[in-house]
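For reference, the structure discussed in these notes is given below.
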Amino acid sequence: MDSLLSLGTVALLILGLWFVYSLIGMQLFKGTFYSCSDENFPAGGYRYGTMNENGDYITPPCSGTFINATTGQEVTRNFEWTNALYHFDHIFSSMEAVFFLGTLEGWQLPLFSAMDMTPDHDTGPAPHNSRWAFLFFAAGAALFGMYTVNLFVAAVFESFVESTSYTDEGLRLSGPQRIMLLYEARLNSVRPVRGAHPIGTENKLCRAIHRVGRHTAFTNAVVLVLLANGLALALSHAGQPAALTTLQTDLDFFFSFFYVGEAAIKIITLGTHTYFLSKAHLFDFTVTVLSLYGTLKTLAAPCGYQAQIFLELVVALRVFRTMGLIKFFEPLRQITICIIYPLPKLINVFLLMLVGIFIWATVGHLVFAGVDYGSSFANFDNLLMALQLMVVCTSGEYSGYLETTLEQYNVHGVPHWLVALFFSSFYLAMSFLLVNMFVMFIIQTFELLKMESANMSIEELIPTYQEVWSKYDPNATGLLPPHRLTDLLLDLPEEIGVGPHDPYLYLVHLVDRLEAQPSYDYSFHRTLISICTIACYPDHLAPEMETSEDLFLLFRKAWAIVVLQGFLRRQVLRRRAHRPPGGGGSPHASFRLRALAAAGRSSAHHLGKQLHRTGSHSSGGGGGKGEGEGDPGGAPEG
């Protein structure tokens, strides 16, 4: 509600400025934009003509019948004294002119009319007679076309950001919480990948191919071929020499077969299922197969026109593979991530734009069919042409179509206000709202990734996380065995896992923090979200203890267990030492001895369980057990 109130306040402010500026324009330019439809009418000429003392016309009137003093013949002029397309004669037409002044489209027409105006309603325009009018229109363009438009867009964006600052239950989120919640939606879009299953691991040739596929030189060779392919395509031009055409044909054959070999090496190295699971590999394979088909088809027989166009398009699609080189340039990679990440949302906005274009095109076809726009490709005569015209208007090039429609609206009986409402509402819906939604989503992504350096570094480590996860979940089920969590953290990079120089207690504490989350279930997404949250915003998960306090408490706990274990061990040895040699003794004493021994072993196991909650797979548990059954000489004195 607060965001709607803020947006409504800005809208009222803009409407108030619009109304006030329209009133000022009406007072300045009311009734001064009239002119004769005769292009040869004298500049600044009087509407009814000018006579000399003898009653002869020095300048003819715009319309009417009179006697030509020179020839003595009767002359009839059928021209009209018309108003300009945009004028300020009343408040509604004035608001219309100011609106199009704010859109910065077609505002030159009223500007030129104002600069040529004369004070009298019945006097035609004179060139540059009112130069001061430029100040009114320049100020209006700056106020409405730059300031208020961007103010409205900023209000919409602020409302958009404000709407993401609340949970579904109505709880307000802080800045880091909101960013992490948005980033959680991004992390939920990541999918686990299947581990590599190389083909023919027992065959020497296949093992050699595996080494080639994983070698850096192979990747560099593919990059060089991609660059050469793009350069060869860029050198082609109309009217090129026959030698260049022959060279490009030979290179095309080489590129086609090289890409086939590359695909075969990757399939053998990664395995068929893993290779085709990647969308990038699937795209590369499709382009490779179609390019090979085109090459073989060209060798067999010439193709038809449509088939040739399709094959040339497929060959050109190879250039998109060079986008993989972006990963070698850090700034470009960051910008690419910020563009690709909001792509699903941008697609939704694009679909909404298509729906809007279809609606306005349908209305335009019903209302403005028959208007001659001077083009057979963009008009309202049928729905397809209307769609093309509205797509052109989406780019902002609508002023010419608006002027043509306004000039012919009387002929077709369409009200003037309906024409203005149709084009202005389309401009507001497409340019002010939907087009700026693209900018909003991209800015939000920059806020999420670019401004948060921790998020950006984690974004770069997501492929590494997927690769490490596939090691322990090769079938990409999305679930991890609990005893593998420690191994996963040890294999991850130091930024999101455990580094080689981190103490063991840090690993224990990280596992405890992960498992302490109420919704944690050892799944792919929950593990990724939890470790990213700990890395970026550690205060928003289970509170982390100070390192000194953490070590001190763990040391006291471990020392107490060791002291208790040593005491119980000494009691067991003392009982054994006083036992009679014949093996006799009270059954109650034997029971107490077994109980004390069991208590000593359980105390050692208790320390192991505290250090590693995965039970028998913990190295701490094995150490505790060995200590409990080892040489009693090493036990400390109580």
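Everything in the sequence shown is counted per the numbering used here, starting at 107 for the first residue and increasing by one.
C-beta: ideal position from N, C-alpha, C; glycine also.
No experiment lies behind these values; they were computed from the predicted model shown.
Supposed contact pair residue j and residue i - C-beta distance, whole angstroms, cut 8 Å
{"i": "residue 427", "j": "residue 332", "result": "5 Å"}
{"i": "residue 642", "j": "residue 293", "result": "About 11 Å; that fails the 8 Å criterion."}
{"i": "residue 150", "j": "residue 251", "result": "Incorrect: roughly 31 Å between the Cβ atoms, too far for contact."}
{"i": "residue 585", "j": "residue 594", "result": "Actually they do not touch by this definition, with Cβ atoms about 12 Å apart."}
{"i": "residue 254", "j": "residue 120", "result": "5 Å"}
{"i": "residue 581", "j": "residue 300", "result": "6 Å"}
{"i": "residue 423", "j": "residue 393", "result": "5 Å"}
{"i": "residue 634", "j": "residue 571", "result": "6 Å"}
{"i": "residue 537", "j": "residue 502", "result": "7 Å"}
{"i": "residue 243", "j": "residue 207", "result": "6 Å"}
{"i": "residue 597", "j": "residue 574", "result": "5 Å"}
{"i": "residue 455", "j": "residue 543", "result": "5 Å"}
{"i": "residue 266", "j": "residue 546", "result": "6 Å"}
{"i": "residue 204", "j": "residue 246", "result": "6 Å"}
{"i": "residue 209", "j": "residue 533", "result": "6 Å"}
{"i": "residue 567", "j": "residue 601", "result": "6 Å"}
{"i": "residue 369", "j": "residue 391", "result": "5 Å"}
{"i": "residue 494", "j": "residue 483", "result": "6 Å"}
Status (buried if at least 16 other CB within 10 Å, exposed otherwise) for residue i
{"i": "residue 733", "result": "For residue 733, the pLDDT reaches just 38, beneath the cut-off of 50, and the residue's location in the model is therefore unreliable, leaving the point undetermined."}
{"i": "residue 309", "result": "exposed"}
{"i": "residue 526", "result": "buried"}
{"i": "residue 745", "result": "Examination of residue 745 is not possible in this model, given that the chain is present from 107 through 744 alone."}
{"i": "residue 322", "result": "exposed"}
{"i": "residue 718", "result": "Low confidence applies here, because residue 718 scores a pLDDT of 44, under 50, leaving its location unreliable and the question unanswered by this model."}
{"i": "residue 196", "result": "exposed"}
{"i": "residue 200", "result": "buried"}
{"i": "residue 471", "result": "buried"}
{"i": "residue 491", "result": "buried"}
{"i": "residue 166", "result": "buried"}
{"i": "residue 126", "result": "exposed"}
{"i": "residue 453", "result": "exposed"}
{"i": "residue 461", "result": "exposed"}
{"i": "residue 278", "result": "exposed"}
{"i": "residue 212", "result": "buried"}
{"i": "residue 679", "result": "exposed"}
{"i": "residue 356", "result": "exposed"}
{"i": "residue 314", "result": "exposed"}
{"i": "residue 193", "result": "buried"}
{"i": "residue 173", "result": "exposed"}
{"i": "residue 132", "result": "buried"}
{"i": "residue 256", "result": "exposed"}
{"i": "residue 202", "result": "buried"}
{"i": "residue 147", "result": "buried"}
{"i": "residue 156", "result": "exposed"}
{"i": "residue 565", "result": "buried"}
{"i": "residue 523", "result": "exposed"}
{"i": "residue 72", "result": "Because the chain spans 107 through 744 in this model, residue 72 falls outside it and cannot be assessed."}
Identified DSSP bridge partners for residue i
{"i": "residue 530", "result": "None, per the DSSP bridge assignment."}
{"i": "residue 209", "result": "Per DSSP, none; premise fails for residue 209."}
{"i": "residue 229", "result": "152"}
{"i": "residue 629", "result": "585"}
Cutoff 8 Å: residue i Cβ touching any chain C Cβ
{"i": "residue 401", "result": "Chain labels in this structure do not include chain C; a single protein chain is all it has."}
Segments of 4+ residues assigned as alpha helix (DSSP H) that fall wholly inside the region 121–192:
none
For the region 217–226 against the region 234–242, are there 3 or more C-beta pairs whose distance is under 8 Å?
yes
Taking contact to mean 3 or more Cβ pairs, one atom from each stretch, closer than 8 Å, check whether the region 339–351 and the region 363–372 are in contact.
Contact between the region 339–351 and the region 363–372 is absent, with fewer than three C-beta pairs closer than 8 Å.
Entirely within the region 362–417 and at least 4 residues each: give me those alpha helix (DSSP H) ranges in chain order.
The qualifying runs are 378–383 and 385–406.
Specify whether the region 493–508 and the region 166–186 touch according to this definition: at least 3 beta carbon pairs, one from each stretch, less than 8 Å apart.
no
Should the region 140–149 be regarded as contacting the region 185–194, the criterion being three or more beta carbon pairs within less than 8 Å?
Here the region 140–149 makes contact with the region 185–194; the two share three or more CB pairs at distances below 8 Å.
Length-filtered (4 minimum) alpha helix (DSSP H) runs lying within the region 295–366
310–320 and 322–341
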